[in-house]
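Trainee: Sharing a structure, written as structure tokens. Questions coming.
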Amino acid sequence: MVGPFKKRIIDSLRNDYPQFLMANHSFSHGFNDKYAKFYSMPDSAYKDFMRNEKELNIQVKIIRLPGNNTWASNGVIHGQKAENPLIKRLDSNGYKIVGWDIEWAQNGKQKAPKESATEMAKRINQRFDDGNTVEQNAIVILSHDRLFEKQQFADSLRRFIQILKQDPRNVFETIDHYPMLQRK
Numbered sequence: 001m002v003g004p005f006k007k008r009i010i011d012s013l014r015n016d017y018p019q020f021l022m023a024n025h026s027f028s029h030g031f032n033d034k035y036a037k038f039y040s041m042p043d044s045a046y047k048d049f050m051r052n053e054k055e056l057n058i059q060v061k062i063i064r065l066p067g068n069n070t071w072a073s074n075g076v077i078h079g080q081k082a083e084n085p086l087i088k089r090l091d092s093n094g095y096k097i098v099g100w101d102i103e104w105a106q107n108g109k110q111k112a113p114k115e116s117a118t119e120m121a122k123r124i125n126q127r128f129d130d131g132n133t134v135e136q137n138a139i140v141i142l143s144h145d146r147l148f149e150k151q152q153f154a155d156s157l158r159r160f161i162q163i164l165k166q167d168p169r170n171v172f173e174t175i176d177h178y179p180m181l182q183r184k
């Protein structure tokens with residue numbers, strides 16, 4: 001989340017939805033989507049995360065990297081940037097870095113979901129059936145709000161969640177309950 005209204009939006013979320021968990025995704029969103037530059041400057045990138053933590057008063061040491069699917073916890077690091085000094089520094093300072101198991105992708109440049117809610121739910125269940133997730137019986141889904149901006153897709157996320165909730169095996173939790181984050 002970037003822009004001049006960031007603090008007001010964050011305050012509204014905290015007040016209106018106290019059950020939501022606020023984690024860190026960088027202050028500048030990876031130096032404004034310039035990921036190669038961001039990850040090539042680990043000291044500046046680290047300061048960017050720390051600035052975001054301070055300015056938004058983020059209470060948990062959980063990070064999702066901008067534009068990057070890497071996981072790190074307690075010295076175990078894997079993913080796209082596993083060897084990057086930034087990731088190693090965040091991990092050594094007690095931060096848990098969460099990637100994703102599956103992405104609800106954007107359909108080209110249309111700002112629309114590539115799959116329907118039903119198709120996406122089938123993909124999720126197939127991942128579980130195949131045991132193809134980072135943690136057994138847990139899944140992290142990446143999606144972006146821009147996919148649901150157009151009126152014809154506005155209800156897709158709600159329908160997706162409703163479909164998944166019909167199966168009693170599916171339980172929704174905030175990311176701080178993810179198994180990797182529970183291990184000390």
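Numbering (UniProt numbering), first residue to last: 1 to 184.
Where is the CB? At the ideal position from N, CA and C, for every residue including glycine.
For clarity, every value in this text was computed on a predicted model and none was experimentally measured.
1. Report the three-state DSSP secondary structure of Phe-30 (helix, strand or coil).
2. Compute the beta-carbon to beta-carbon distance between Arg-89 and Tyr-46, rounded to the nearest angstrom, for a pair I have assumed lies under 8 Å.
3. Hey, quick one: how far does the beta strand (DSSP E) through Ser-92 stretch, first residue to last?
4. Buried or exposed for Leu-13, going by 16 or more other Cβ atoms inside 10 Å?
5. I'd like to check one pair, Arg-127 with Asp-101: are the Cβ atoms closer than 8 Å?
6. From Phe-153 to Gln-106, what does the alpha carbon distance come to, in whole angstroms?
7. Would you list, in sequence order, the uninterrupted alpha helix (DSSP H) runs of no fewer than 4 residues that lie entirely inside the region 35-110?
8. Going by C-alpha to C-alpha distance, which of Ala-138, Lys-109, Glu-53 sits closest to Glu-173?
Mentor: Per the coordinate set shown:
1. Translated into the one-based positions of the sequence shown, residue 30 becomes position 30. In the sequence on display, residue 30 carries Gly and not Phe. Looking at Gly-30 - three-state DSSP - the assignment turns out to be helix.
2. In the sequence shown, counting from the first residue as 1, residue 89 sits at position 89. In the sequence shown, counting from the first residue as 1, residue 46 sits at position 46. Correct: roughly 6 Å between the Cβ atoms.
3. Position 92 of the sequence shown, counted from the first residue, corresponds to residue 92. Per DSSP, Ser-92 belongs to no beta strand (DSSP E); it is in the alpha helix (DSSP H), 85-92.
4. Reading the sequence shown from its first residue, position 13 is the one you call residue 13. By the neighbour-count criterion, in which 16 or more other beta carbons inside 10 Å mark a residue as buried, Leu-13 falls on the exposed side.
5. One-based indexing of the sequence shown puts residue 101 at position 101. One-based indexing of the sequence shown puts residue 127 at position 127. Yes, they are a contact pair.
6. Numbered from 1 along the sequence shown, position 153 holds the residue referred to as residue 153. Numbered from 1 along the sequence shown, position 106 holds the residue referred to as residue 106. Each residue's alpha carbon lies about 12 Å from the other.
7. The region 35-110 contains these whole alpha helix (DSSP H) runs: 35-40, 42-55, 85-92.
8. By 1-based counting over the sequence shown, the position of residue 173 is 173. With distances taken between CA atoms, Glu-173 lies nearest to Ala-138 out of Ala-138, Lys-109, Glu-53.
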